[in-house]
Amino acid sequence: MNVKPDLCPCDSGQKYISCCGEFLLGKPADTAEQLMRSRYTAYVLNDESYLLETWHKKTRPQTLNLSQQEPLKWIGLKVLSHTVDIDNPHAASVEFVARYRVNGKAEKIRELSRFLKEDGHWFYIDGDLRAFL
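Here the sequence shown stands for residues 1327 to 1459, where the numbers follow my numbering.
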């Protein structure tokens, strides 16, 4: 990824501080897409506490142990869709492709993530990995 260092890692084209930075500093995300982008940025920055805070309590793991996993270099994010449930505006999904390098090899994941809004805050519930067609 060849970007200016002040641009947000989530590939929004915005400056970090006015994009995901404000969410990692405590501002609640207005949309599930904003939360998903900020969670991607938290993975880029290895911010395990933010990832756990924004994970719904019913599905949240005790720990992620990011420091004990094989180091990944996140290199790009593309949001494919953001859908709010027509019957429940507090439920949404975001489909995305995230690219990364591990041991010098480029990889990518495609996921459909589910989110729920409670008490004015969006939370990540879970996600389904998608096959590349």
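Note that the Cβ used here is the ideal one computed from N, Cα and C, for glycine as well.
Closer than 7 Å: residue i CB and nearest the ligand GDP heavy atom
| i | result |
| --- | --- |
| Ile-1343 | Absence of the ligand GDP is noted for the structure shown, with no ligands found whatsoever. |
Where residue i falls: helix, strand or coil (DSSP)
| i | result |
| --- | --- |
| Ser-1375 | helix |
| Thr-1357 | coil |
| Gly-1446 | coil |
| Arg-1440 | strand |
| Ala-1424 | strand |
| Ser-1419 | strand |
| Ser-1338 | coil |
| Ala-1432 | strand |
Residue i, buried or exposed, once every other Cβ within 10 Å from all chains shown has been counted against 16
| i | result |
| --- | --- |
| Pro-1335 | buried |
| Thr-1380 | buried |
| Asp-1454 | exposed |
| Arg-1440 | buried |
| Asp-1337 | buried |
| Leu-1406 | exposed |
Span of the alpha helix (DSSP H), counted from its first residue to its last, around residue i
| i | result |
| --- | --- |
| Leu-1350 | 1346 to 1350 |
Residue i at chain C interface by Cβ criterion, 8 Å
| i | result |
| --- | --- |
| Ile-1412 | Among the chains in the structure shown there is no chain C, since it carries only a single protein chain. |
Proximity of residue i and residue j at Cβ, strictly below 8 Å
| i | j | result |
| --- | --- | --- |
| Leu-1398 | Leu-1390 | no |
| Asn-1414 | Leu-1392 | no |
| Ala-1368 | Trp-1448 | no |
N- and C-terminal bounds of the beta strand (DSSP E) containing residue i
| i | result |
| --- | --- |
| Trp-1381 | Unbroken run through Trp-1381: none, as it is neither H nor E. |
| Thr-1389 | No beta strand (DSSP E) holds Thr-1389; DSSP gives it neither H nor E. |
| Ile-1401 | 1399 to 1410 |
> Do three or more CB pairs link the stretch 1341 to 1355 to the stretch 1420 to 1430 at distances below 8 Å?
Replying inline: no
> Does the pairing of the stretch 1362 to 1381 with the stretch 1345 to 1354 give three or more beta-carbon distances under 8 Å?
Replying inline: yes
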